[in-house]
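What follows is a single structure, written as structure tokens, with notes after it.
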Amino acid sequence: MSRPTTSGPSQRMLRVGEQVRHALSETLQRGEIIDPVIENTVVSVSEVRMSPDLKIATAFVSPLGVGDADSVVGALNKHAKFIRGRITGALRQMKYMPEIRFRLDTSFDNFARINELLKSPEIARDLDDQNENNDEDEG
């Protein structure tokens, strides 16, 4: 019997990613990182993607209320080893503690851009025309 080929993450990768996300969120909430860029910033960890071997965790973060989000992500990457040590207790069951890489989460920007496109007059007109054609076909 052959294994199905999927390009998506395994159930284990998703479960471990969620555990790492919770551990990161708790560590960032406690304010244990001494860095002026991070201390006064609320950081939301929206997703953590694990590598197939569970040795690399890519955390997608959104700094809230900050003009320069890249500086916050840079500061988090600078303190990644310290953060890794702080989350070790929450991930005791893992054989290897993953290396953490922080990336800026741009998914909210993408959602906003798509929402604006859907609200544009040209798209609204096309959607209305399509709905009218469907009504005529049904009637």
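Per my numbering, residue 457 is the first one in the sequence shown, and the count goes up by one each step.
Yeah, the Cβ is synthetic: ideal placement off N, Cα and C, and Gly gets one too.
Suppose you measure from the CA of ARG486 to the CA of PRO465; what does that come to, to the nearest Å?
Roughly 30 Å between the two C-alpha positions.
Can you tell me whether VAL504 is buried or exposed? The criterion is at least 16 other CB atoms within 10 Å of its CB, across all chains shown.
The residue in question, VAL504, is buried, as its Cβ has 16 or more Cβ neighbours within 10 Å.
May I ask which residues mark the beginning and end of the alpha helix (DSSP H) holding SER481?
From DSSP, the alpha helix (DSSP H) with SER481 extends over 467 to 486.
Under the assumption that GLU555 contacts LYS511 (Cβ atoms under 8 Å), give the Cβ distance between them as a whole number of angstroms.
With a Cβ gap of about 6 Å, GLU555 and LYS511 count as contacting.
For VAL522, which residues from the same chain have a beta carbon less than 8 Å from its beta carbon, with the 5 sequence-adjacent residues on both sides left out?
Closer than 8 Å at Cβ, skipping near neighbours: THR497 and VAL528.
Measure the C-alpha to C-alpha separation of ASP491 and ILE539 and round it to an integer number of angstroms.
Taking the straight line from one Cα to the other gives about 12 Å.
Any idea which residues DSSP pairs THR514 with across the strands?
Its beta-bridge partners are ARG505 and ARG557.
Could you compute how far the alpha carbon of ASP582 sits from the alpha carbon of SER563?
Whole-angstrom Cα-Cα distance: 26 Å.
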